[in-house]
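A short write-up of the structure that comes next.
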Amino acid sequence: MDLNWIWKAVLITIIGTFLLRIAGRKSISQMTLAQVVIMIGIGSLLIQPLAGKSIWVTFGVGITLVVTLVLMELLQLKSDIFEKLITGKSKILIENGKLNEDTLKKLRFTIDQLEMKLRQNSISSISDVKWATLEPNGQLGFELNEQAKPVTRKEWNLLFQEIQLLKIMIDPSCKPSRVTNEVEGNLFTEVKNGQHKLKERPDETLD
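So that you can map any letter, position 125 of the sequence shown is 130 in this note's numbering, and since no number is skipped, the others follow by simple counting.
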């Protein structure tokens with residue numbers, strides 16, 4: 006019984022993971038067209054050795070694809086012309102609450118598709134949008150009008166301080182309240198420090 010497929014499968018998994026790791030860690034929805042083409046090509050290649058093809062030729066082609074992708078990305082960093090040619094540019098779909106119908110037609114992008122993306126971003130009205138762009142990876146970028154923007158933590162703190170000052174002016178004996186701050190380190194701090202701390206859970210009792 007030929008068991009060569011076992012070590013081939015293990016080697017394919019290891020080398021394939023390594024190649025995809027070099028190619029990038031973006032999800033499919035965040036990839037550019039060139040990245041999607043390379044990833045599909047690598048996926049098709051990795052299965053070839055199990056079908057009797059040369060495993061080393063397959064890995065050689067896979068490495069060539071990844072190196073080509075890296076070189077294309079480096080060229081995009083060096084030249085705007087290559088970036089526009091390979092990745093493309095963002096297109097304006099909404100400007101000051103008004104649809105850019107000409108751009109929608111050129112992109113073959115329907116109003117229903119645009120409204121779906123707006124709803125997915127919790128936007129209920131096109132008039133609330135100051136700018137909306139279709140990014141090269143198909144994602145929607147947008148900026149809301151001033152009256153539609155949510156209150157930020159900074160704005161809330163300023164408002165809170167003004168309220169406290171008014172309270173003191175009205176009643177000098179009133180003690181100002183303080184905004185509570187988070188003492189625990191957050192998830193981004195864990196990434197920066199390279200540590201992962203799990204909070205201790207209280208003992209659970211089973212009835």
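From the three backbone atoms N, C-alpha and C, an ideal C-beta is built for every residue, glycine too.
Here the structure is a predicted model, which means the values were calculated and not measured.
Classification of M44 by the beta-carbon crowding that lies within 10 angstroms, buried from 16 upward: buried
Cβ pair count under 8 Å reaching 3, the segment 96-109 against the segment 125-143: yes
Cβ-Cβ distance between I68 and M77 below 7 Å: no
Residues bridged to E151 (per DSSP): Answer by DSSP bridge pairing: none, since E151 is not bridged.
Distance, L170 Cα to N162 Cα: 12 Å
Start-to-end residues for the beta strand (DSSP E) that takes in V134: 134-139
Per DSSP, the bridge partner or partners of E100: K103, W136
F64 versus I47: straight-line alpha-carbon distance, rounded: 9 Å
Beta carbon of K94 nearer than 7 Å to that of L139: no
Buried versus exposed call for Q40 [16 or more other C-beta atoms within 10 Å across all chains shown]: buried
Range covered by the alpha helix (DSSP H) that runs through Q81: 60-83
Residues bridged to G146 [DSSP beta-bridge criterion]: T138
Reduced DSSP category for T37 - H, G, I as helix; E, B as strand; rest coil: coil
Closest by C-alpha distance to R26, when choosing among F114, E148, S59, V75: V75
Local Cβ density within 10 Å of E17, reported as buried at 16 or more and exposed below that: According to the sequence shown, residue 17 is Ile rather than Glu. By the 10 Å Cβ count, I17 comes out buried.
V71 and L24 closer than 7 Å at C-beta: yes
Where the alpha helix (DSSP H) through K172 begins and ends: 158-175
Supposed close pair L109, A137 - CB separation, criterion 8 Å: In fact, because the Cβ distance is near 11 Å, the residues do not count as touching under 8 Å.
C-beta atoms of T37 and P141 nearer than 7 Å: yes
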